[in-house]
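2 protein chains.
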Amino acid sequence: MPRRSAVPRRVPAAFAEHAGDRQFATTLARGLEILRCFTPQQPVLSTAELAQRTGLPKPTVSRFTYTLSGMGYLQPDLPAGRYRLGPAVLSLGYPLIASFAFRQVVRPAMEALARQVSGSVSLGLRDRTNMVYVETCRSAATSSFQLSDIGMTHPIAATAIGRAHIAGCSPAERAALLNELRVKTPELWRQHAASVTQALAAFRDKGYCVSYGDLRPGIYALATPIGRLPSRELLVLNAVSPSWTRRAAQFEPTLAPLLLRCAHAIAAQFTA
Amino acid sequence: MPRRSAVPRRVPAAFAEHAGDRQFATTLARGLEILRCFTPQQPVLSTAELAQRTGLPKPTVSRFTYTLSGMGYLQPDLPAGRYRLGPAVLSLGYPLIASFAFRQVVRPAMEALARQVSGSVSLGLRDRTNMVYVETCRSAATSSFQLSDIGMTHPIAATAIGRAHIAGCSPAERAALLNELRVKTPELWRQHAASVTQALAAFRDKGYCVSYGDLRPGIYALATPIGRLPSRELLVLNAVSPSWTRRAAQFEPTLAPLLLRCAHAIAAQFTA
DNA sequence: GACACCGTTCGACTATGCGGAACGCCAGGA
DNA sequence: TCCTGGCGTTCCGCATAGTCGAACGGTGTC
Chain A
1 MPRRSAVPRR VPAAFAEHAG DRQFATTLAR GLEILRCFTP QQPVLSTAEL
51 AQRTGLPKPT VSRFTYTLSG MGYLQPDLPA GRYRLGPAVL SLGYPLIASF
101 AFRQVVRPAM EALARQVSGS VSLGLRDRTN MVYVETCRSA ATSSFQLSDI
151 GMTHPIAATA IGRAHIAGCS PAERAALLNE LRVKTPELWR QHAASVTQAL
201 AAFRDKGYCV SYGDLRPGIY ALATPIGRLP SRELLVLNAV SPSWTRRAAQ
251 FEPTLAPLLL RCAHAIAAQF TA
Chain B
1 MPRRSAVPRR VPAAFAEHAG DRQFATTLAR GLEILRCFTP QQPVLSTAEL
51 AQRTGLPKPT VSRFTYTLSG MGYLQPDLPA GRYRLGPAVL SLGYPLIASF
101 AFRQVVRPAM EALARQVSGS VSLGLRDRTN MVYVETCRSA ATSSFQLSDI
151 GMTHPIAATA IGRAHIAGCS PAERAALLNE LRVKTPELWR QHAASVTQAL
201 AAFRDKGYCV SYGDLRPGIY ALATPIGRLP SRELLVLNAV SPSWTRRAAQ
251 FEPTLAPLLL RCAHAIAAQF TA
């Protein structure tokens, strides 16, 4: 009688919120979660590793890797049973990235700023509680600790670019966003709520936001909102630089004017 | 008594080949097919349009858009019931694009070539029967007919970059690839088989491949293979330019040396 | 050669996804 | 104001597509 049917489906923690949501296509979400497991640090993953990261049983992972490989989103790697992302994942983003025609135009200004700050300079958009880079320029000397590049994401609350986004929102948007951060990322919110409040106050005076190693120790960043795309999304510019810990006091005075000048240049080319 | 159960699941043509394949996760594949419907020309799609393009019934599409929106891959657009790609689609490609560190290094050489040819210059990798751009540079004056950019795909058989890929393959790889093209894209193969054969012969003499408007009338292109990435994938360089129809005879003599010089420069930085 | 680990295959079970039909909404026209 | 047509979502019974424990085969190690 202890009917085996009681085996509860091992729901990955990430989708707990959708339990009982008949509208939510679990299989689709789980499959996409496979693709999300890969990182620059772990570009090749085995079935067992994917199973561990997603919380799915091995046979399920196996079926997904089979399907995703067939569609080009994964590529089998040697030794057998290991997978890398396939070039097809880039083609998913193409229609979106092609709609950002301004990227070509503003690159020189961003490259110049990247050289000036000896770091990386990016344009980002919001995705739920994250900022996603849609364009990135790096100075030749950038330490390759974590490579900034198109598609990189950072939590809004913990970063200068995220705080600048909040600052650039309308009051209504801002209220909704802050609430979303509080509810959906309580841990990050607890850590950074104070810095966020402070950043918003500072923004009113100075026109930019900062992060002094909030995401990663020793990495300092500045950011400022630029304007709205035709699709109404808010575009934000940042400049990130390591190695200012020894002269922290010089960081803002030196770089903030450069950032703001670049932002204005970009905004000008925008409306033009 | 005409039991309704006979209702055959309306299988989208794209997955006909997987009918009865228990290993293939149809729901995942269908959901991803939704994302593939978007193009630069049609960046916003309604439920009805998605249903039409995928061949799926409206309620199914609705469930997928709900799921994909929740995950950030789609963004609801106004008026209600319309969708755009969300920034999260870019984050799927990040781990892959970050692994192409060479992009930063070779950009200047590519930009120079793009200016020289008054067109676009790209680096591409193979995805099944297509080439996918992993980096693109455009001259300022590029006619924006179809915007080359990261993630853009082109069929192998119909393009210079695809033919150059074939030329750069080992004999065993080439045999397998040509067979795959014949089987999986019979229509394209029929149209371009002769040009492919010709291109391979020409490659042995000259070291590059051409396409004189094979994909789109009036668009001429050159391409040459560069070398293997650490992951063993073959990297290929192309240069595309419109507006040479009036001086077709000048196209190759003028641009081919520039392309080859750029390719060698890139290859050098590679092995270094 | 035994063992440990891993990835895939098998198969029974049923929860999950499916999709026709109904519903509610909105815009345009009479 | 009331139709009408088109669209997107919701509903809900059905059965199929997904699930996952267990078994299997392959590989590397001691």
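Protein chains in written order, with UniProt numbering: chain A, 1 to 272; chain B, 1 to 272. Note that CB positions come from ideal geometry on N, CA and C, so glycine has one too.
Beta-carbon contacts of residue i that lie in its chain and below 8 Å, excluding the five residues immediately before and after
| i | result |
| --- | --- |
| residue 8/A | Interpretation of residue 8/A is limited by its pLDDT of 40, a score under 50 that renders its predicted location unreliable; no figure is taken from the coordinates. |
| residue 12/A | Since pLDDT at residue 12/A reaches only 48, below the 50 mark, its modelled position is unreliable, and the value read off the structure follows with that caveat. The residues are 30, 33, 54, 55, 56. |
| residue 36/A | none |
| residue 103/A | 97, 123, 134, 135 |
| residue 81/B | 46, 47 |
| residue 105/B | 269 |
| residue 137/A | 107, 110, 111, 113, 114, 120, 121, 122 |
| residue 254/A | none |
| residue 267/A | 226, 227 |
Helix, strand or coil at residue i [DSSP, three-state]
| i | result |
| --- | --- |
| residue 274/A | In the structure displayed, chain A extends from 1 to 272; residue 274/A sits before or after that span and is not available. |
| residue 80/A | coil |
| residue 219/B | coil |
| residue 283/A | Because chain A in this structure spans residues 1 to 272, residue 283/A falls outside the shown range and cannot be described. |
| residue 209/A | strand |
| residue 25/A | coil |
| residue 232/B | coil |
| residue 237/B | strand |
| residue 253/A | helix |
| residue 45/B | strand |
| residue 156/B | coil |
| residue 59/A | helix |
| residue 86/B | coil |
| residue 39/B | coil |
| residue 274/A | One cannot answer for residue 274/A here, as it falls past the ends of chain A, which runs 1 to 272. |
| residue 2/B | Per-residue confidence for residue 2/B stands at a pLDDT of 31, beneath the threshold of 50, marking its modelled position as unreliable; the derived number appears in the next sentence. In the structure shown, residue 2/B sits in coil (DSSP, three-state: anything other than H, G, I, E or B). |
| residue 9/A | Because residue 9/A sits at a pLDDT of 43, beneath the cut-off of 50, its placement in the model cannot be relied upon, and the following sentence gives the value as read from the coordinates. In the structure shown, residue 9/A sits in coil (DSSP, three-state: anything other than H, G, I, E or B). |
| residue 242/B | coil |
| residue 150/A | coil |
| residue 136/A | strand |
| residue 185/B | coil |
Beta-carbon proximity list for residue i, same chain, < 6 Å, skipping 5 on both sides
| i | result |
| --- | --- |
| residue 96/B | none |
| residue 100/A | 134 |
| residue 162/A | 131, 156 |
| residue 38/B | 85 |
Nearest-angstrom Cβ-Cβ length linking residue i and residue j, presumed shorter than 8 Å
| i | j | result |
| --- | --- | --- |
| residue 86/A | residue 73/A | 5 Å |
| residue 172/B | residue 212/B | With a Cβ gap of about 30 Å, residue 172/B and residue 212/B do not count as contacting. |
| residue 118/B | residue 148/B | 13 Å between Cβ atoms; not a contact. |
| residue 68/B | residue 64/A | That belief does not hold up - the Cβ atoms of residue 68/B and residue 64/A are roughly 16 Å apart, past 8 Å. |
| residue 273/B | residue 90/A | The question about residue 273/B has no answer, for chain B in this structure spans 1 to 272. |
| residue 92/B | residue 215/A | Not quite, the Cβ-Cβ distance comes to about 21 Å (not below 8 Å), so this is no contact. |
Chain-order list of residues whose beta-carbon lies under 7 Å from that of residue i (same chain, five-residue window excluded)
| i | result |
| --- | --- |
| residue 77/A | 44, 83, 84 |
| residue 71/B | 88 |
| residue 52/B | none |
| residue 229/A | 235 |
| residue 1/A | Below a pLDDT of 50, predicted positions are generally treated as unreliable, and residue 1/A, at 31, falls in that range; the measurement from the model is reported next regardless. Cβ neighbours of residue 1/A beyond the five flanking positions: none. |
| residue 174/B | 166 |
| residue 189/A | 157, 181, 182 |
| residue 185/B | 129, 155, 157 |
| residue 263/A | 224, 226, 237 |
| residue 177/B | 166, 169 |
| residue 207/B | 224, 260 |
Practice item. Determine contact between the region 129–136 of chain B and the region 150–161 of chain B, defined as no fewer than three beta-carbon pairs at a distance below 8 Å. Key: yes
Point to revise | Segment contact, 8 Å Cβ cut-off, at least three pairs: the region 162–181 of chain B with the region 254–268 of chain B | key: no
Check your understanding: Does the pairing of the region 208–224 of chain B with the region 238–248 of chain B give three or more beta-carbon distances under 8 Å?
Key -> yes
Check your understanding: Which ranges would you report for the beta strand (DSSP E) in the region 95–121 of chain B if only whole runs of at least 3 residues count?
Key -> none
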